[in-house]
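So the structure is just underneath, and the comments pick up after that.
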Amino acid sequence: MQARMWTRGLIGVGAAAAFAVQAPALAQETIKIGVPTALSGTYADLGNQAKRAVEFAVNEVNAKGGIGGRKLEVKVLDTEAKPDVARKQAEKLALEGYKILTGTIASGEGLAMAPMLERWDALYVVTINKADALTGANCVPRVFRVNHPDEQDAAIVRPWLGTRKETKWAIVAADIAWGRNSGKSFAAAAKANGKELVGEFYPAFGTNDFAPYIQQVKNSGAQGVWIALAGRDAINFATQAKQFGLLDSTFVAGVSFVTDNTVKTLGDTSKGIWGIINYSSTLDTPANKRFVEAWKKAYNGDEPTNFEGETYIGMQVIIQAIERAKSAKPLDVARAMSGGTFDTLYGKSQIRAADHQMVQPNYFGYVGAQGGKLRPIITTTFAADQATPPPSGECKMPKL
Amino acid sequence: MLLQTLNGLVYGGLLYILAVGLVLIFGLRRVVNFAHGSLFMVGAYVGYAIATHFGNFWLGLVVSVVVLAVLGVFLDAVVFRPLQREDPIVTVLVTFGILLVLEDAVRTIWGKDFLSLKPPAALAGTVQILGESFPTYRLFVIALAAAVAIGLSLWLRMSRIGLFVRASSVDRTTTAILGVNTDRVSVLVVAAAGVSGRVSAPVLALSPCMGRLILIDSFIVVVVGGLGSFSGAFFAALIIGQLHNFGVVYLPWAATMIPFLLMVGILIWRPSGFAGQHV
């Protein structure tokens, strides 16, 4: 009896409390941003960067009073960079009302989340996944990508190679789908530019000793080397190539090589390596200069990394789309994004309606000292129309 | 050609220093030590921390050997010695657990980023061999592996503990009945893992999983050479180092498969490895 009274009492108090909270909440409910990202495992460092970028953007908006008087709120959950965990955590976020998702690291995670978005009534803005399929064969109406997919990186290799004086080239690429693809598109670009390919090497993923490959590149007489290695492979290759003198005697360029993380790990060794740069804090646009200054103030003089810049661009698009839609409902926001043009760190950038890929410029540059610090420095800018191939046709985008 | 042979010697040398520790602990305690890879990794990280803090490569080498030796005493007392009476599957599980714990500990202390370390200034340059430049540091690795091989075989043949180790790896029960105490050897085992980790640091990127990635190759060395055989491990490491290199040059599509094929062949032809005397 007593227990029942207690229960009743509790329910009463609970209902009253809920009512009391609900009234003001209706007036200005927060806009909830969910970040399912890697906080542990191999990609934890990248996940932390995505988190910092989202939090930075949210604080910036909230300091100005939010969007239409509504404050932004973030929740981050750990995906361990595993597709199945990412799907589970994204679902949890969506069920708790964090239906606008962004900041996920691995392409596999994005591909696992994409088909579920409709059921969750959620939306996913890709800022780091590079797999072409997300805006190609596996495209869905609720996925939008603001970063560069692999095919955009491939598209600028051909015009860039035409500007190089080296005639003999070798390729060293990881023996996985991504590396093979990159090798293939480089070979095509070399042919188109009348360059001679003197060696193609595909070391196994996770190779410890690159010496036999480095030796063969040296023997091939290559004047330039194209590298498509990532993570530990990239570090091992660069360290060993430096010791063999290859980095000093040969022109070395690559994809996924000139990033802030690689520079941080390799230090001096990375100096003079060329490559594709998707975003750099040295980007010369007024919007980026403002962003970098504010970022440095917020994070003790740190400059934003490429992943931080790209995730911030994702937040810029989300915020502007909510403003335009005058709603934070995922479907309304998605309709505002599709085909819309947004102010980003790159300038004005459009999200194509056909495949939901943002059309943005892409860059080439090298690792060098600027302002007393080693960093990726942009030398060549490829305008958005040149850097973005037309929609592949593999994406049959249903109507939103 | 000569340069590729030298490259094979470098990788074989690294594998040898690592495999020696596996052979010693198996000969002595009959423990298949999966944690060995993580000790290699801890050696690399400790050496890295000291070298970057004090700016002295050699101090890093010395300190990592000392730290790993202490860790060796500890592991032997609480893990390897109690485990020698257990079922082999228990030792595999426990040592694999240690590997996971050490990897996570390193991840907590040094973070998830890859790290890299430069060779000491004296060894940073290149040497001209047949008109081509070859990194001095790699010659140092070859020299060090040779020194370990010579030192170890002298120690095993000349010293009293060496005699005990050899006796123990041939017939453990009889050796124990005779009252031989071989406890000090475990220090050497773990210190050897530390040395190889530290020495490989300027060649390989430091990451918590680096030990795991090289452990497989060194297990192949141990199996091909014969479990518990020191000379077997030496020759197996040399052969696998060369196969690794020339495989890449002449049979690139099969390069990663060749060491495994060799191991399968050896296991069919001589299950105890080419220098092992007992199964």
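If you read the sequences in order, they're chains A and B.
So the first sequence is numbered by the working numbering: it starts at 5 and just counts up by one.
So the second sequence is numbered by the working numbering: it starts at 955 and just counts up by one.
Each residue gets a CB set at the ideal place from its N, CA and C atoms; glycine is no exception.
- Cβ neighbours of Arg-236/A within its own chain (closer than 8 Å, five residues either side excluded): Gly-210.
- Of the residues Lys-169/A, Phe-295/A, Asn-185/A, the one whose Cα lies closest to the Cα of Tyr-283/A is Phe-295/A.
- In this structure, the alpha-carbon of Ala-357/A lies about 11 Å from that of Cys-399/A.
- Collapsing the DSSP output to three states places Tyr-303/A in coil.
- Contact of Arg-328/A with chain B by beta-carbon distance below 8 Å is absent, the smallest such distance being about 38 Å.
- Neighbourhood of Arg-236/A in chain B, by CB distance below 7 Å: Phe-1068, Ala-1159, Ser-1161, in chain order.
- Note that the region 214-230 of chain A does not touch the region 143-151 of chain A; fewer than 3 beta-carbon pairs, one per stretch, sit closer than 8 Å.
- Between Trp-124/A and Glu-33/A, the alpha-carbon positions lie close to 20 Å from each other.
- Secondary structure note for Thr-1127/B: its alpha helix (DSSP H) is the uninterrupted segment 1126-1131.
- Remark: C-beta atoms of Thr-106/A and Ala-48/A do not approach each other more closely than 9 Å.
- Beyond the five residues adjoining it in sequence on each side, Gly-1085/B comes within less than 6 Å, by CB distance, of no other residue in the same chain.
- Note: Glu-204/A is bridge-paired with Ile-175/A in the DSSP secondary-structure output.
- Assigned with DSSP and collapsed to three states, Phe-295/A falls in helix.
- Look at the beta carbons and you see the region 386-399 of chain A touching the region 363-371 of chain A: at least three pairs across the two are nearer than 8 Å.
- Spanning the alpha carbons of Phe-1228/B and Asp-88/A requires a straight line of approximately 45 Å.
- Taking CB atoms only, Met-1164/B has a neighbour in chain A less than 9 Å away.
- Out of Ala-196/A, Gly-198/A, Ala-94/A, Ala-215/A, the CA that lies nearest to the CA of Phe-205/A is found in Ala-215/A.
- Residue-level contact check: Glu-1057/B does not touch chain A, since none of the beta carbons of chain A fall below 9 Å from its beta carbon.
- Taking CB atoms only, Leu-270/A has a neighbour in chain B less than 9 Å away.
- Counting only runs that start and end inside the region 108-178 of chain A, the beta strand (DSSP E) elements of at least 3 residues fall at 127-130, 147-149, 172-177.
- Sequence-distant Cβ neighbours of Leu-993/B in its own chain, meaning closer than 6 Å and more than five residues away, are Val-1144, Ala-1147.
- Spanning the alpha carbons of Lys-333/A and Val-78/A requires a straight line of approximately 16 Å.
- Proximity of Ile-1168/B to chain A, defined by a Cβ-Cβ separation below 9 Å, is satisfied.
- Contact holds between the region 1189-1197 of chain B and the region 961-971 of chain B, because three or more Cβ pairs, one in each stretch, are under 8 Å apart.
- Following the DSSP letters along the chain, one finds Glu-1086/B in no alpha helix (DSSP H) but inside the beta strand (DSSP E) bounded by residues 1086-1089.
- Taking the CA atoms as reference points, Phe-1184/B sits about 7 Å from Val-974/B.
- Boundaries of the beta strand (DSSP E) around Arg-379/A: 377-386.
- Taking a cut-off of 8 Å for Cβ pairs, the region 248-267 of chain A and the region 301-321 of chain A touch, as three or more such pairs fall below it.
- For Arg-74/A, the three-state secondary structure derived from DSSP is strand.
- Taking Ile-281/A as reference, the option from Ala-158/A, Thr-139/A, Pro-395/A with the minimal CA-CA separation is Ala-158/A.
- Following the DSSP letters along the chain, one finds Gln-364/A in no beta strand (DSSP E), marked with neither H nor E.
- The closest CA to that of Ser-253/A, considering only Ile-239/A, Trp-164/A, Gln-219/A, is found on Gln-219/A.
- Contact between the region 242-252 of chain A and the region 1087-1105 of chain B is present: 3 or more CB-CB pairs across the two stretches fall below 8 Å.
- C-alpha of Pro-153/A to C-alpha of Val-161/A: approximately 14 Å in a straight line.
- C-alpha of Arg-379/A to C-alpha of Ala-57/A: approximately 19 Å in a straight line.
- For chain B, the residues of the region 258-287 of chain A that bring a beta carbon within less than 9 Å of one of its beta carbons are Asn-265, Thr-266, Lys-268, Thr-269, Leu-270, Gly-271, Asp-272, Thr-273, in chain order.
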